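Some notes on the structure that comes next.
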Amino acid sequence: MLELAPGLIYHPDFFDRIEQAALIEDLRAVVRAAPLFTPRMPRTGKPFSVRMTNCGTLGWVSDTTGGYRYQATHPETGAQWPEIPDLALRAWRETGAYHHPPEACLVNYYAPEARMGLHQDRDEQDLAAPVVSISLGASCLFRWGGETRGGSTKSLRLHSGDIVVIGGASRLCFHGVDRILPGGSALVDGGGRINLTLRRVSAA
Ligand code: MD3
Ligand code: FE
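When we follow my numbering, the leftmost residue of the sequence shown carries the number 1311, and every step to the right adds one.
Written out as structure tokens, the structure is:
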């Protein structure tokens, strides 16, 4: 493991290929129970290029009527979110170094053309808890900067099986995904990428 910045810990190849494939199988069941949806920007209604779903007791959603928020049910089916897969909970335990379990596991699905603009993750009440990010499938070019928009940034290629823990002094850093890279892991169909972020939402 490698500390990229204070509180930003990179675990390359945390999951081996067998574990990656097993986690992707678990996610197929998650998506059957909680289909991918297209979030929209609160003010403009502009759709995200990333499609999403969640598992856990809470899930992150965004639309024009309610804005960014966590809620216990799927925005389209109204059903509760499925459980977080054990492999993902293991990653939280072994890397997260936080005494409360995660409540939300946001599942981002990137088709090859999808991207995510620079943003901060600040919809959680408990900002002392880290966010644990798991990458699967195609590699991506990831970018992060400081706590203000417009400062200098660094980038890093994230590969299938890698984990990044975002906590401490890096918890409110701006970050985003510039692009999905061709020719990496084919574990996700069609050159896609999946990112899981495990999050503690409620103040403990
Ligand atoms: C913050 N997801 O869902 S992983 C998100 O790959 C999100 O899908 C991205 O940002 C994705 O909110 C990024 C989480 C991550 C990784 C490294 C960071 C967040 C970071 C470094 C600094 C600050
Ligand atoms: Fe984020």
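For every residue, glycine included, the Cβ atom is placed at its ideal position computed from N, Cα and C.
All values derive from a computational prediction rather than experimental measurement.
Spatial neighbours of S1495 in its own chain (CB-CB distance under 6 Å, excluding positions within 5 residues in sequence) are listed in chain order as G1447, S1470. Not one heavy atom of ligand 1 is found less than 7 Å from the C-beta of L1368. Between G1377 and P1412, the C-beta gap is not smaller than 8 Å, which leaves the two residues out of contact. The beta-carbon distance between L1333 and P1395, rounded to whole angstroms, is 6 Å. This is short enough to meet the 8 Å contact definition. DSSP places D1396 inside the alpha helix (DSSP H), whose first and last residues are 1396–1401.
Counting C-beta pairs with one atom in each stretch, the stretch 1412–1428 and the stretch 1481–1496 have three or more that are closer than 8 Å, which means they touch.
Take S1449, set aside five residues on each side of it, and the residues of its chain with a beta-carbon closer than 6 Å to its own are R1467, H1469, L1491, G1494, in chain order. Along the stretch 1316–1379, the beta strand (DSSP E) occurs as fully enclosed runs of 3 or more residues at 1318–1321, 1361–1366, 1369–1371, listed in sequence order. The Cβ neighbour count for R1327, taken over all protein chains shown within 10 Å, is under 16; the residue is labelled exposed. Rounded to whole angstroms, D1336 and S1445 show a C-alpha spacing of 14 Å.
In the DSSP assignment, C1415 falls within the beta strand (DSSP E) that extends over 1414–1420. Judged by the Cβ position, D1488 fails to qualify as a neighbour of ligand 1 at the 7 Å threshold, every heavy atom of the ligand being at least this far. Taking a C-beta distance under 8 Å as the contact criterion, I1476 and S1443 qualify as a contact pair.
Look at the beta carbons and you see the stretch 1392–1406 not touching the stretch 1353–1362: under three pairs across the two are nearer than 8 Å. Residues Y1320 of the same chain have their beta carbon placed closer than 6 Å to that of L1312, with the five preceding and five following residues left out of the count.
Runs of beta strand (DSSP E) with 3 or more residues, each lying fully within the stretch 1437–1475, are found at 1441–1447, 1450–1454, 1464–1468, listed in chain order. Between T1405 and I1473, the beta carbon gap of about 6 Å places them in contact (Cβ cut-off 8 Å).
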